[in-house]
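Notes follow once the structure below has been shown.
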Amino acid sequence: MILACFHFLRRLGVLLMLSLLIGCDGSGDTSSPAAARPDAGSMKISLEAAEQYLVGGDLVEAEAIARRMAESVPDSLEAHELLGRVLIARAIGLRDSGRPGEAREQWIAASEQYEQVVRLAPESAGLHQSGGEVAQMAGRNGLAIELYRRAGELDPDDPRPALYIAQLLVADGSLREARTWINRVLALQPDQAHALATLAVIEMEEGQWDQAKASVAMALAAQPDDLGIRTMQTRIYRRSGDPERGLELLLGLPESARGTEAVTEEIAGCWMDLGRPDQAAKAWERCHGASGERAGSIAVRAAESWLAAARPVEAQAWIERAELAGVPRERIESLREQLAP
Numbered sequence: 439m440i441l442a443c444f445h446f447l448r449r450l451g452v453l454l455m456l457s458l459l460i461g462c463d464g465s466g467d468t469s470s471p472a473a474a475r476p477d478a479g480s481m482k483i484s485l486e487a488a489e490q491y492l493v494g495g496d497l498v499e500a501e502a503i504a505r506r507m508a509e510s511v512p513d514s515l516e517a518h519e520l521l522g523r524v525l526i527a528r529a530i531g532l533r534d535s536g537r538p539g540e541a542r543e544q545w546i547a548a549s550e551q552y553e554q555v556v557r558l559a560p561e562s563a564g565l566h567q568s569g570g571e572v573a574q575m576a577g578r579n580g581l582a583i584e585l586y587r588r589a590g591e592l593d594p595d596d597p598r599p600a601l602y603i604a605q606l607l608v609a610d611g612s613l614r615e616a617r618t619w620i621n622r623v624l625a626l627q628p629d630q631a632h633a634l635a636t637l638a639v640i641e642m643e644e645g646q647w648d649q650a651k652a653s654v655a656m657a658l659a660a661q662p663d664d665l666g667i668r669t670m671q672t673r674i675y676r677r678s679g680d681p682e683r684g685l686e687l688l689l690g691l692p693e694s695a696r697g698t699e700a701v702t703e704e705i706a707g708c709w710m711d712l713g714r715p716d717q718a719a720k721a722w723e724r725c726h727g728a729s730g731e732r733a734g735s736i737a738v739r740a741a742e743s744w745l746a747a748a749r750p751v752e753a754q755a756w757i758e759r760a761e762l763a764g765v766p767r768e769r770i771e772s773l774r775e776q777l778a779p
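First residue of the sequence shown: 439, per the numbering used here; consecutive thereafter.
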């Protein structure tokens, strides 16, 4: 009870302070510059309060204060950057709760907010890098590359902008240009694990299997506990025609690691290439995501594997799970058609 009263009084104090900042009559009248723009001391108190709410997970109060400050002092870098971080926290929360569509909308809002941030801080390499990362999460890859380029110009010794540009270019299929950016990273930091792994991906896509294996091995030597790099190593071996070696690299991992979706995909792929779809299906059944927000997609993969193994009873069970998880009817019907003798 005492704790609840404390939080209420703290919130009341912040709200009273804000009401003074926007006008005692609560009308929000901005006709008077003195009423519309808080003094430096009041601004500091408000932003500190918003920061406390953000840290405490109260995003409603944090956003209300940050947004009010950004509107009252439109040239305040601190207010706009804080509002951007609040929107990022919202996006992450929506993503983690299995609401990807809403999360994407929040990432876009956060990215738009960071556009304002970098306009207010044109010489900040760090904020351009952050803006690029938020734009990338929002799917605004062209803007992300633009912001990364500027970050790299402002801080040529930071390998991150070139690395992130290269990874976006690889995803877009622009391998030659991606290699140019990766070479910049490796010139700055020759043992940068993710740059070496990205180089391995480029070499894999170009069919340079020996070079890809060597690059990913160097990446793993630089960062031996990186599960993503180990998974990529398996993919390179599998796609080069050696799925047995790919399996060896992953089956020795702890169960908690083997059950992640990315690792499961590679394990299942290796089993399929070895002509063992039943083992691929069992791998999908053990995937941790089978009961989470990715349950529908994983159920489909399990069903497909059981169908490939000519095991209709098991396939039917996973088709039903996929249907319960909300997989579109057309996809369900397509799977059921494959059950017919």
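Ideal Cβ placement from N, Cα and C applies to all residues, glycine included.
Between the CA atoms of residue j and residue i - distance to the nearest angstrom
i           : j           : result
residue 715 : residue 722 : 11 Å
residue 608 : residue 639 : 8 Å
residue 740 : residue 725 : 10 Å
residue 777 : residue 753 : 8 Å
residue 493 : residue 760 : 38 Å
residue 616 : residue 477 : 48 Å
residue 595 : residue 587 : 13 Å
residue 625 : residue 604 : 14 Å
residue 579 : residue 636 : 17 Å
residue 769 : residue 544 : 29 Å
residue 585 : residue 552 : 10 Å
residue 523 : residue 574 : 15 Å
residue 511 : residue 475 : 6 Å
residue 704 : residue 534 : 24 Å
residue 666 : residue 480 : 46 Å
Where residue i falls: helix, strand or coil (DSSP)
i           : result
residue 477 : coil
residue 610 : helix
residue 572 : helix
residue 550 : helix
residue 644 : coil
residue 627 : coil
residue 777 : coil
residue 462 : Confidence in residue 462 is poor, its pLDDT being 39 and thus under 50, which makes the residue's placement unreliable; the coordinate value appears in the next sentence. Coil, per DSSP.
residue 716 : helix
residue 533 : helix
Among the options, the one whose alpha carbon lies nearest that of residue i
i           : options            : result
residue 504 : 772, 489, 653, 594 : 489
residue 733 : 655, 581, 762      : 762
residue 720 : 593, 572, 688, 743 : 743
residue 599 : 549, 623, 750      : 623
residue 660 : 596, 633, 516      : 633
residue 517 : 507, 526, 523, 525 : 507
residue 621 : 611, 610, 653, 643 : 653
residue 496 : 593, 527, 519      : 527
residue 655 : 687, 627, 679, 682 : 687
Where the alpha helix (DSSP H) containing residue i begins and where it ends
i           : result
residue 725 : Unbroken run through residue 725: none, as it is neither H nor E.
residue 765 : Looking at the DSSP string, residue 765 is not in any alpha helix (DSSP H), and its letter there is neither H nor E.
residue 702 : 699-711
residue 649 : 647-660
residue 681 : 681-689
residue 671 : 665-677
residue 585 : 579-592
message: So, does the region 558-568 touch the region 533-542, judging by three or more C-beta pairs under 8 Å?
response: no
message: Within 8 Å, do at least three Cβ pairs link the region 673-684 to the region 638-652?
response: yes
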